[in-house]
Amino acid sequence: MEFYKNQIVTVVIEHMGNDGEGIGKIDGYTLFIKDAVAGDRVQAKIIKAKKNYGFARLMNIEEPSRYRVEPPCAFARQCGGCQLQALSYSQQLKYKEEKVRNNLEHIGGLREIPMEPVIGMEEPFHYRNKAQFPIGMDRDGHIITGFYASRSHTIIPNRECLLGVSQNEEILDILIAHMEKYHIAPYDEINGKGLVRHVLLRYGFHTGEIMVCLILNGSRLPGAEKLADRLFSMEGMTSFMINVNKKRDNVILGDRTMLIRGKTYITDYIKDLKFCISPASFFQVNPHQTGKMYEKALEYAALTGEETVWDLYCGIGTISLFLARAAKKVYGVEVIPQAIEDARENARLNHLDNVEFFVGKAEEIFPDKAKRERVHADVIVVDPPRKGCGWELLDAILHVMPPKVVYVSCDSATLARDVKYLAEGGYEVVKVCPFDNFAMTVHVETIVLLSRR
């Protein structure tokens with residue numbers, strides 16, 4: 000059977016892909032269909048046809064899967080923020096556990112995986128302590144905000160994201176009313192004109208503190224003090240800042256941040272450790288799950304109080320401080336200078352003096368110290384960005400060869416790649432535990448314990 004663009008087909012969805020798309024076959028021909036879930040029987044329109052596979056748009060659900068649920072958000076299909084709202088939460092957890100397992104098998108080359116059950120959330124909505132909303136204008140000239148549609152920079156107007164906290168909507172209403180009153184134009188990516196680009200919101204789940212940071216294509220906001228008055232009428236408002244970004248790129252934050260009112264940071268807790276969080280800080284967006292995840296990392300490290308630990312890609316020192324309470328000495332490495340300043344302040348806040356931080360790329364700092372200073376490590380913890388660890392760092396780990404490596408990952412594909420490299424260098428995978436820190440999305444965190452053979 001030959002398949003072609005704009006053809007209407009009926010297909011049963013057998014699996015779901017890495018991006019949450021449904022995957023089905025007709026006479027051996029594979030179709031990838033966004034918004035379809037495993038078990039659906041759907042009618043779809045082919046939008047791109049290759050020789051052995053194609054991409055199709057969901058047109059109609061002829062027979063829904065037993066795992067399908069009604070998305071609570073009206074924008075679930077349009078918005079690029081969520082991919083799995085139509086899948087029951089229990090099945091989302093199974094999907095993520097299988098995603099980790101498949102990557103460790105197919106990319107990592109592992110056969111018998113010591114996988115613990117995925118640790119899910121008690122409440123899979125309203126869990127995010129951070130949100131970044133682009134500001135734009137619709138065709139009728141009205142100021143809008145929301146999230147980008149999937150694979151585009153088209154803003155879907157929605158001030159009530161079900162993954163964020165309820166305070167976000169009130170803040171956005173205040174901001175847009177202020178922009179309308181003072182005739183402040185939103186930024187236009189096409190011509191580079193307009194003032195307000197994004198609004199960055201942070202919320203302390205345990206402290207109730209709120210941060211508002213406006214990203215501007217300029218250094219002055221008309222009526223800034225009046226806006227501050229309105230924002231600080233809200234309970235918990237702690238920090239109002241302006242960040243300047245005049246570059247024509249997709250990076251959200253610029254290099255200069257100015258305080259308008261309040262503090263330059265908010266505070267929050269993970270378990271009983273207190274942290275200062277600035278606009279550029281990397282702080283896990285789901286504090287409840289993060290506490291469970293760090294407890295698991297401590298369990299895997301099995302510290303006795305005599306160990307020297309290196310925490311690479313340490314951010315503002317969140318994992319470092321958890322480790323420091325159970326280790327003899329902890330060293331943290333992070334490339335962002337402001338994050339290291341925050342990390343040192345967080346160590347002081349929590350009265351921990353057995354932790355030391357270095358500014359620089361983990362791929363440069365640790366290999367240099369491993370070769371020049373012959374540093375010792377009983378445990379190395381890595382929590383890299385999605386691209387995984389650099390080869391220089393992995394080689395340095397194999398040079399130092401600590402008894403244990405605890406790998407915290409936000410991308411199980413690069414995790415699997417790095418685990419394979421370490422396994423070929425003399426390590427074995429002892430335990431694997433996935434965490435759902437991002438319900439309704441395809442993202443999954445994973446912790447792996449590797450032991451020196």
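Each residue of the sequence shown is one higher than the one before, counting from 0 in numbering that gives the first Met the number 0. Quick reminder that beta carbons are idealized off the backbone N, C-alpha and C, glycines included.
On the DSSP bridge list, what partners appear for P433? Position 434 of the sequence shown holds residue 433. T445, per the DSSP bridge assignment.
Simplified DSSP assignment, three categories, for Y406: Locating residue 406 in the sequence shown gives position 407, counting from the first residue. If DSSP states are grouped into helix, strand and coil, Y406 belongs with the strands.
How is K33 classed by DSSP in three states: helix, strand or coil? What you label residue 33 is simply residue 34 of the sequence shown in a count that begins at 1. Of the three classes helix, strand and coil, the one that applies to K33 here is strand, per DSSP.
On a CA-only basis, which of D367, V405, C409 and G261 is nearest E391? Give me that one, please. As a first step, residue 391 must be located in the sequence shown, where it is residue number 392. Minimum Cα distance to E391 is reached at D367.
Nearest residue (CA-CA) to T445, options P384, R452, E423 and M439: Taking the sequence shown and counting its residues from 1, the one referred to as residue 445 is at position 446. Comparing Cα-Cα distances from T445 to each of P384, R452, E423 and M439, the minimum goes to P384.
Go to H141, then tell me how far its beta strand (DSSP E) extends in each direction, as first and last residue. For this step, residue 141 is matched to residue 142 along the sequence shown. Segment: none, H141 is in no beta strand (DSSP E) and carries neither H nor E.
Taking 8 Å as the threshold (C-beta atoms), are P123 and M439 in contact? On the sequence shown, position 440 is the one that residue 439 refers to. On the sequence shown, position 124 is the one that residue 123 refers to. The beta carbons of M439 and P123 sit closer together than 8 Å.
Distance between N128 and I241 (C-alpha atoms, nearest Å): Numbered from 1 along the sequence shown, position 242 holds the residue referred to as residue 241. Numbered from 1 along the sequence shown, position 129 holds the residue referred to as residue 128. About 19 Å.
Would you mind working out which of P71, M114 and L351 sits nearest K273, comparing C-alpha positions? Locating residue 273 in the sequence shown gives position 274, counting from the first residue. Its Cα nearest to that of K273, the residue L351 stands out among P71, M114 and L351.
8 Å Cβ shell around D26 - same chain, five flanking residues per side excluded: Within the sequence shown, numbered from 1, the residue matching residue 26 stands at position 27. Cβ contact annotation for D26 (same chain, cutoff 8 Å, sequence separation greater than five): M0, in chain order.
Contact between the region 291-308 and the region 227-246 (3+ Cβ pairs under 8 Å): Look at the beta carbons and you see the region 291-308 not touching the region 227-246: under three pairs across the two are nearer than 8 Å.
Is T440 helix, strand or coil when you go by DSSP? Translated into the one-based positions of the sequence shown, residue 440 becomes position 441. The answer is coil: DSSP assigns T440 none of H, G, I, E or B.
So, do the region 313-329 and the region 341-359 have three or more beta carbon pairs nearer to each other than 8 Å? Put simply, the region 313-329 touches the region 341-359. At least three CB pairs are less than 8 Å apart.
Taking its Cβ as the centre, do 16 or more other Cβ atoms sit within 10 Å of V429, making it buried, or is it exposed? Here residue 429 refers to the residue found at position 430 when the sequence shown is read from its first residue. Exposed is the call here.
Please state whether DSSP places L83 in a helix, a strand or coil. Here residue 83 corresponds to residue number 84 of the sequence shown, with the count starting at 1. In the structure shown, L83 sits in coil (DSSP, three-state: anything other than H, G, I, E or B).
Which residues in the same chain as M15 place their Cβ atom closer than 7 Å to its Cβ, once the five residues preceding and following it in sequence are excluded? The residue you call residue 15 lines up with position 16 of the sequence shown. Result list for M15: G21, I22, V36, A37 and Y94, in chain order.
Name the one or two DSSP bridge partners that Q42 has. The sequence position of residue 42 within the sequence shown is 43, counting from 1. According to DSSP, Q42 bridges with T9 and N59.
Select from I189, K192, E224 and K262 the residue whose C-alpha is nearest the C-alpha of E208. Within the sequence shown, the letter at position 209 stands for residue 208. Looking at the Cα atoms, K262 is the closest of the given residues.
Alpha carbon to alpha carbon, how far is D39 from R219? In the sequence shown, residue 39 corresponds to position 40, counting from 1. In the sequence shown, residue 219 corresponds to position 220, counting from 1. One C-alpha to the other measures close to 52 Å.
8 Å contact criterion, which D83 and A130 should meet: CB distance rounded: Within the sequence shown, the letter at position 84 stands for residue 83. Within the sequence shown, the letter at position 131 stands for residue 130. It is worth fixing the name first, because residue 83 is Leu in this sequence and not Asp. With 8 Å as the limit, L83 and A130 do not qualify as a contact, their Cβ atoms being about 19 Å apart.
Leaving out five residues before and five after V329 in sequence, what residues of the same chain have Cβ atoms less than 7 Å from its Cβ? Locating residue 329 in the sequence shown gives position 330, where the first residue counts as 1. Apart from sequence neighbours up to five positions away, the residues of its chain that approach V329 with a beta-carbon distance below 7 Å are V308, D310, S319, L322, A323, N353 and V354, ordered along the chain.
Where do the ends of the beta strand (DSSP E) carrying A130 lie? What you label residue 130 is simply residue 131 of the sequence shown in a count that begins at 1. Its beta strand (DSSP E) spans residues K129 to M136.
What is the rounded straight-line gap between the Cα of N349 and the Cα of K192? For the purposes of this step, residue 349 is taken as residue 350 along the sequence shown, with counting starting at 1. For the purposes of this step, residue 192 is taken as residue 193 along the sequence shown, with counting starting at 1. C-alpha separation (whole angstroms): 45 Å.
How big is the Cα-Cα spacing for G331 and F356? As a first step, residue 331 must be located in the sequence shown, where it is residue number 332. As a first step, residue 356 must be located in the sequence shown, where it is residue number 357. If you draw a straight line from the Cα of G331 to the Cα of F356, it comes to about 5 Å.
Alpha carbon to alpha carbon, how far is K47 from D187? Give it in angstroms, no decimals. By one-based count along the sequence shown, residue 187 stands at place 188. By one-based count along the sequence shown, residue 47 stands at place 48. Straight-line Cα distance between these residues: approximately 31 Å.
Compare the Cα-Cα distances from M136 to each of K246, H197, I118 and Q166 and report the closest residue. As a first step, residue 136 is located in the sequence shown; it is residue number 137 there, counting from the start. With respect to the C-alpha of M136, the residue from K246, H197, I118 and Q166 having the closest C-alpha is H197.
Put E298 into one of helix, strand or coil per three-state DSSP. For this step, residue 298 is matched to residue 299 along the sequence shown. Residue state, collapsed to three classes: helix.
Please state the DSSP three-state secondary structure of N190. Counted from its first residue, the sequence shown places residue 190 at position 191. In the structure shown, N190 sits in coil (DSSP, three-state: anything other than H, G, I, E or B).
Which residue comes first and which comes last in the beta strand (DSSP E) that contains M236? Translated into positions along the sequence shown, residue 236 becomes position 237. Taken as a continuous stretch (DSSP letters only), the beta strand (DSSP E) holding M236 covers M236 to V243.
Would you mind giving the Cβ-Cβ distance between D341 and S277, rounded to the nearest angstrom? I have them listed as a contact below 8 Å. Start at 1 with the first residue of the sequence shown, and residue 341 comes out as number 342. Start at 1 with the first residue of the sequence shown, and residue 277 comes out as number 278. 6 Å between Cβ atoms; contact.
Contacting residues, own chain, Cβ-Cβ under 8 Å from Y293 (five flanking each side not counted): As a position in the sequence shown, residue 293 is number 294, starting the count at 1. Contacts found: I269, K270, T317, I318 and F321.
Euclidean distance between Cα positions of L103 and K386: For this step, residue 103 is matched to residue 104 along the sequence shown. For this step, residue 386 is matched to residue 387 along the sequence shown. Here the alpha carbon of L103 sits roughly 16 Å from the alpha carbon of K386.
Is the separation between the beta-carbon of G222 and that of H177 shorter than 8 Å? One-based indexing of the sequence shown puts residue 222 at position 223. One-based indexing of the sequence shown puts residue 177 at position 178. Yes, they are a contact pair.
Rounded straight-line distance, which links the Cα of F365 to that of C432: As a first step, residue 432 is located in the sequence shown; it is residue number 433 there, counting from the start. As a first step, residue 365 is located in the sequence shown; it is residue number 366 there, counting from the start. Roughly 26 Å separates the two Cα atoms.
Specify the secondary structure class of G290 as computed by DSSP and reduced to three states. One-based indexing of the sequence shown puts residue 290 at position 291. When secondary structure is reduced to three states using DSSP, G290 falls in the helix class.
Boundaries (first-last residue) of the beta strand (DSSP E) holding F357: Locating residue 357 in the sequence shown gives position 358, where the first residue counts as 1. V354 to V358 is the span of the beta strand (DSSP E), which, as asked, contains F357.
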